[in-house]
Structures are given as structure tokens and as C-alpha cells.
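Residue numbers (the numbering used here): -12 to 440.
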């Protein structure tokens, strides 16, 4: 019986869910057993024929979760049950060498790394894909002047495409972060009970190097019985960080879709219902989903940090919660990436409303440029500032157009001609270096993400 939404398929893709399935976890651990045995046999720690036979049995596909659970019911130890299940598929002379020199967490931690490895293989190209889509949106809307808002208030003029460029740059940065952290988090550990490689002796380091290479992981430099949980915390933190960037985009879309603003809207398909009670509503439900899931995703960071300080060479206070944290973070982020990619790809942008909103303050959005014009005429900054503010407040109270109020005020008319004032109130002239910035971001995104495009 499914209880959690990630169990019943509501959130997360099939490919991501598969990584964290019970049988897949078993398969990962069997791969480790096989890789360890064949590596040990190659350097003479165990008989050559044994290594091949363990590897063959581990890769046979005949060891099931069902059988392991039957054995676990008796031993009350999941790793011991897996090793016993593997032994059942091997001959009597092979069995003594199965799991030789290893401890439970060699399997648990290294299989966690394999899960993280495969999860990142899904996540990384999706992050790159979204970065590219956002960069294309930035170019498309780069010449559209829009209201730039700070503190929720109209501040100055922005290129609407610059919003997308900011998001594209951050998603591209996440691609770089993922590439950089792999060598720190995708760790293979086969050093036994307390990290000394005790039974394998000096050869344990070489065994671990060979196992790591076979599993596409990085050999641990030093461990206790477990891989340091700083590695897991970094992984969870990065996934949560990507999630918060997605939430940042979602919140902006939700705000811009407000009835009073109406600059963008999520795609509304035929037959879709926005509200069960109000037929005319078109709610930004997908963006709200991203915001909702982001809260859950980043809550996992605190847990992963709590797992770093363990007793001595290890205890079990991290074990139970990691069974939740590692799958949950990957599955939730996968869902968020799928959702946000769909949102941005199909986002409806109302350029007419964007331009119309520039006039809401009756021209006061040009105040920054009026101030600049006075300063260039030799008026001291704070004198110019006070005059720009004074006329703006009066014009606002009386409902006047700001340009008309300026032309009638001597503090401005004595310094600026009507033609000069008219030239200021042209939004297309105030996009600054937006086009250069957007083009630079687009090139950077393409360079970073080209192998995924």
C-alpha cells in the first residue's frame, strides 16, 4: 500500500524512482561484492577462481529482495542477509571468501554513492537543459522594456529578458557545481570495520582503488567505518540549492501572474480547470507546486548536517533517516526540474501588458534618469534628488503625469528643454548594457552546457 506521494507515482519520474527501488539497492550492493572479490583475486588476496565465481553469482540476477527479507527476518541484519543470499548462489569452496575484509557500511555507503552517481546522471542534464531554455528566453525578450521592482515597488526600467538571463546563469552555475562536487561525494569505501583495511592489510588500498574504478567512483582517502557525512551533506545541500533557485523562478512567475500585474501566465491547456468554484480563474499551480516542494527539499539539509557528528568510528543515529533523505532529495528535485522546464518552455508572456505596466506610476519610473539629466547639467546631486522627489510626490497626490509636472516646475525647466525632457521618457533608451549582459550569459550557458545539449 502506497502511503507517500513519491510511492504512488505522484512525484518523480520512473527513471529516478528506479534508482531507489529495493531491488536496485540490492543490485548495487551485489556489484560491490563482485567488484571487491574480483579485485582481491587479481592481487592475490583470494584465489583467482573464487573472484570470478563471486562476480558471476553477484551479477546473475537471481538474488532477490524477497529472499533477502526472508533471511533478514531471522538475522535482523539486512547486510548479513544479502551476504547469506549471495552465499547460497555459490559453491562450498567459494563461500568463505564472500565479503572478505568488508563490513556492512562498505556496501551501504558505497551503494549510496552509486545511487547519488546515477541520480546526478539524471539531474545534471535536466539542469543544463533548463539553463539553455532560459537563455533562449532571455534573448527572445531582451529588447522588451519592463518594470524593475525592488521592495515590491516600481524602481526603474529593466529588460524583461534580463530576468531569464539571471536564472539561466544560476542554473548554468549549478551544472558547474555538480561537476565539481562529484569527486568529493561519489566515494567508494571498502576499508572494513574501522577504516584500516585490517584483514586485507596494505593491499586494501589497492583493492579499494580497483573497486572504485569498476564502479565509476572515487576511492576514499580516509574513513572511519563510514564515509564522512560531510560528503552527504554537500550533496543534499547542492540539490536543495538547485531547488531554491527553481523556487526563486517560481515565485517571480507567481507574482507576475497576479491579476494586477498580468505579465506572464502558465500555459492553460484545453479542458483545464483553474478553480472548482470560480470558472474564470487561471492559477499558477505548477509554480506553486515548485515552491511547495522546495520547502520540503531544503528541510533535508538540516537532517544531513545533524548526521555529520557521529560517535567514535560510527554509530547508527544517521542510518534510519538517510533511508529517507537520500531518495527524497533526488526524487523531489527531479520532479521540480520536470515541472519548471515545462513551465518555462510553455510560459505565456504578455508583452503588451509588460509595456503598459510601465505607465502605472504615470512616468515616475523614469525618475532615475531625470535625476541623472539634472546632475549632468551641473545641479548638485542632493539638490537634484530633492527636487525630483518633491515634484514626484506632488504629481502622485494630484494624479498628474510626471513629465507634465516636471515641465511646469522651474527647477527643471530652467535646466532642461522640453525636447530634452521628452527624450528621457522613452523606455527603450534605458535598457543599459542589458543586451551585452544577455548575450554574454547566453554564450556562457552554451559553453557550460554544450555536452548536454
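Don't be surprised by glycine CBs; every beta carbon is placed ideally from N, CA and C.
Coil, strand or helix - residue i by DSSP
i, result
"residue 206", "strand"
"residue 420", "coil"
"residue 162", "helix"
"residue 366", "coil"
"residue 192", "helix"
"residue 432", "helix"
"residue 252", "strand"
"residue 401", "coil"
"residue 391", "helix"
"residue -4", "coil"
"residue 182", "coil"
"residue 427", "helix"
"residue 301", "coil"
"residue 34", "coil"
"residue -9", "coil"
"residue 10", "helix"
"residue 381", "helix"
"residue 374", "helix"
"residue 345", "coil"
"residue 268", "coil"
"residue 66", "helix"
"residue 318", "helix"
"residue 21", "helix"
"residue 46", "coil"
"residue 326", "helix"
"residue 247", "coil"
"residue 438", "helix"
"residue 15", "helix"
Continuous beta strand (DSSP E) stretch holding residue i: start and end
i, result
"residue 232", "Where residue 232 is concerned, there is no enclosing beta strand (DSSP E), although the alpha helix (DSSP H) it sits in stretches over 217 to 243."
"residue 133", "132 to 137"
"residue 142", "140 to 146"
Residue of the options minimising C-alpha distance to residue i
i, options, result
"residue 158", "115, 169, 433 and 131", "115"
"residue 38", "12, 77 and 69", "77"
"residue 280", "365, 309 and 229", "229"
"residue 356", "294, 220 and 414", "414"
"residue 129", "148, 165, 155 and 99", "148"
"residue 404", "360, 375 and 433", "360"
"residue 204", "170, 179, 256 and 407", "170"
"residue 399", "22, 424 and 354", "354"
"residue 20", "94, 48, 110 and 358", "94"
"residue 250", "304, 134 and 275", "134"
"residue 16", "378, 209 and 89", "89"
"residue 401", "386, 366, 425 and 200", "366"
"residue 104", "140, 192, 7 and 193", "7"
"residue 295", "86, 215 and 382", "215"
"residue 32", "145, 58 and 191", "191"
"residue 143", "-8, 430, 419 and 310", "419"
"residue 286", "59, 313 and 302", "313"
"residue 49", "11, 65 and 189", "11"
"residue 275", "245, 290, 308 and 241", "241"
Cutoff 7 Å: residue i Cβ touching any chain D Cβ
i, result
"residue 34", "Within the model displayed, chain D is absent; a lone protein chain is all it includes."
Whole-number beta carbon distance between residue j and residue i, since they are thought to touch under 8 Å
i, j, result
"residue 125", "residue 152", "4 Å"
"residue 288", "residue 224", "5 Å"
"residue 213", "residue 92", "5 Å"
"residue 277", "residue 237", "4 Å"
"residue 28", "residue 34", "6 Å"
"residue 318", "residue -2", "7 Å"
"residue 474", "residue 183", "Outside the shown range of the chain, which is -12 to 440, sits residue 474, and nothing can be said about it."
"residue 24", "residue 41", "4 Å"
"residue 109", "residue 328", "The pair is not a contact, with the Cβ atoms about 13 Å apart (cut-off 8 Å)."
"residue 222", "residue 168", "7 Å"
"residue 324", "residue 113", "4 Å"
"residue 334", "residue 253", "7 Å"
"residue 389", "residue 349", "6 Å"
"residue 74", "residue 54", "Not quite, the Cβ-Cβ distance comes to about 12 Å (not below 8 Å), so this is no contact."
"residue 45", "residue 201", "Going by Cβ atoms, the distance from residue 45 to residue 201 rounds to 12 Å, so no, they are not a contact pair."
"residue 233", "residue 165", "14 Å between Cβ atoms; not a contact."
Bridge partners - residue i, DSSP secondary structure assignment
i, result
"residue 174", "205"
"residue 307", "DSSP, once it has assigned bridges, lists no residue as partnering residue 307."
"residue 335", "252"
Residue range of the alpha helix (DSSP H) that includes residue i
i, result
"residue 61", "52 to 62"
"residue 81", "That residue, residue 81, is in no alpha helix (DSSP H); it is neither H nor E in DSSP."
"residue 407", "405 to 411"
"residue 125", "91 to 127"
"residue 272", "272 to 293"
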